[in-house]
Each structure stands twice: as structure tokens, then as C-alpha cells.
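In the UniProt record's numbering, the protein residues as written are 1 to 272. No residue lacks a Cβ here, since even glycine has one placed at the ideal position from N, Cα and C. Because the structure is a prediction, the values reported are computed rather than measured. Here is the structure we will look at, set down as C-alpha cells.
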């Protein structure tokens, strides 16, 4: 059976791809040209030279420190999520206790509460704990905001594990801890990869909490630093675009290596 080519669909898809790639081209081209060449040619011209000096300028202006701070926050948030969420999701899936289900439902209310609503009381809480203007003061609330959804994702992944496997482990005399470590965790790899990528994306791209909970340049993260660079480099577009690319590359690499697990976990087949 022959299939007919969908020419209008192909044309529209191609146009949409061009619309998506055009800003990327402008950003990359600007970052790899000097300010003079970019000004002379404009944003849509073909590249006339090739240089990495803009990236060196961004690092020299302190952006390397901002990236390092963002990496620490991302690693801290991911570590908290990986340590807390898998046993929490396992308890929700396997526990028959009514209070566990109630706590789970109460925790899911966190999905309906945006950070903007609680940012003022959160500021006072972090300040009273002596964590204001510290990286830990950003890590803890960021992890708290991603735990509800990551728990929901991993719970769905663990529910895909067949009950007969749990029965086999019970007949083998395995304790709950052994079952969790030797069976549930290996079978939930896709779900765990999903929550790792999701947590990393939220921590790396976070702007509001680092903006409110930090002040000094020593603990400024990349997203907040970009906001400052926009003022410093308002005329130097290539320098600003180089800083933007430096912000994008690390999390893009994480997504590149975990994209299959991310899709599998979000579609509910992570435990299969």
C-alpha cells in the first residue's frame, strides 16, 4: 500500500523548523563574532569571522563563578531528590496505611502552590535560619518545590512493577529494605532518570529563589548573573550571547544523555 506524501504538512513543518532555528542561529553567530563584525553585518547576515573571545570575556567578567554556583545548587538539589524521593515513593506504593495516603495527597497540594505566592514568608524563614545569601538557602527551598512532582512521577513509575515480583521477593524472605534496594531501584531507573533531569532543569534554570534569597556576587547563579550581564553588555550583544550559550550548554548536555529515560518516565513506562 502506497502512502501519499503530505506536502502541505512537510512545508509547514519546515517553516516551523526555520522559525525555531532562526533565533538559535542569531545567538550562535553573534557569540562567535566580534562586536564590530556583528554591528557591521547585523543579526541576519552571514558570519564574517570566527572567534571565542566573547566566551573568554564572559568568564573574565565573573560568569565562571556564576556557573559554578549554579552547578553546586543543581548538584545539591538533585542529591536531595535522589536520596528522599525513591524511598518516599516506595512507601506510598507499598504501604497500605491510610495516613501515608493522606500525607501523599497533602504533599500534592504543593503542585498547586507557585513559588511566587510564598516567596515573602520563605524569605523570612530562610533569613531566620541564618541561611540568607548562602547556596544552601537556595538548595533547600528549590528541592522542596520539586519534591511533590518528582514523587508523583516516581510513584507512577514504581506502580508499573508487577505485584508478582513483590510476592517472589517476599517468598524469598527479602525484607522491605532488600526489596527496595535490589528490585525496585533497578526497575525504576527510567523514573529516577526522569526526576534527576527534571530536578536539574528546575535548579539550573531557577531565577526567582536565587534572586530573592541571595545578594552578594559570590553566591550569584548564572540566571541571575545573566540579568546583570544584560545591563553591562547592553551594547555588546556578542558578549551577552556568549554568556547565554554558556548557561545553556551544561543542562543541554544533561538532557542529551538522559532524553530517552526522561520520555519513558514521563509516559508512564519507566518501570517496565
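Query                                                                                                                                                                    : Result
Check for me: the alpha helix (DSSP H) holding residue 122 runs from which residue to which?                                                                             : 115-128
Contact defined as beta carbons within less than 8 Å: I believe residue 89 pairs with residue 151. What is the distance between those atoms, to the nearest angstrom?    : 6 Å
Under DSSP, the alpha helix (DSSP H) around residue 156 begins and ends at which residues?                                                                               : 135-159
Taking the alpha-carbon positions, what's the residue 182 to residue 169 distance?                                                                                       : 10 Å
Quick check on residue 102: buried or exposed, where buried means 16 or more other Cβ atoms within 10 Å of its Cβ?                                                       : exposed
Please say whether residue 77 and residue 146 have beta carbons closer to each other than 8 Å?                                                                           : yes
I need the straight-line Cα distance from residue 66 to residue 207, nearest angstrom please.                                                                            : 12 Å
Can you give the Cα-Cα distance for residue 25 and residue 31, rounded to whole angstroms?                                                                               : 10 Å
Between residue 127 and residue 215, which are expected to be in contact by the criterion C-beta below 8 Å, what is the C-beta distance as a whole number of angstroms?  : Not quite, the Cβ-Cβ distance comes to about 11 Å (not below 8 Å), so this is no contact.
Taking 8 Å as the cut-off, does the region 192-203 touch the region 94-108 (at least 3 CB pairs, one atom from each stretch)?                                            : no
Let's test the definition: count the other Cβ atoms within 10 Å of the Cβ of residue 229 and tell me whether it reaches 16, buried, or not, exposed.                     : buried
In the DSSP assignment, find the alpha helix (DSSP H) that holds residue 19 and state where it starts and stops.                                                         : 7-31
Report yes or no: do three or more beta-carbon pairs, one from the region 92-100 and one from the region 155-170, lie closer than 8 Å?                                   : yes
Out of curiosity, what's the CA-to-CA distance linking residue 272 and residue 164?                                                                                      : The predicted position of residue 272 is uncertain, since its pLDDT is 43 and thus under 50; a value taken from the coordinates is nonetheless stated next. C-alpha separation (whole angstroms): 14 Å.
Is the beta carbon of residue 244 closer than 8 Å to that of residue 69?                                                                                                 : no
Taking the alpha helix (DSSP H) that residue 169 belongs to, which residues open and close that run?                                                                     : 163-171
Compute the distance between the beta-carbons of residue 48 and residue 238, then report whether it is under 8 Å.                                                        : no
Let me know if residue 217 comes out buried or exposed under the rule of 16 or more other beta-carbons within 10 Å of its beta-carbon.                                   : exposed
I'd like to know whether the C-beta atoms of residue 191 and residue 148 end up nearer to each other than 8 Å.                                                           : no
Please list, in chain order, all residues of the same chain as residue 226 whose beta carbon is under 7 Å from its beta carbon, the five residues on each side excluded. : 243, 244, 247
With a 10 Å radius around its C-beta and 16 neighbouring C-beta atoms as the bar for buried, classify residue 124 as buried or exposed.                                  : exposed
Can you grab the Cα-Cα spacing for the pair residue 8 / residue 99, in whole Å?                                                                                          : 56 Å
Roughly how many angstroms lie between the CA atoms of residue 144 and residue 38, to the nearest whole one?                                                             : 43 Å
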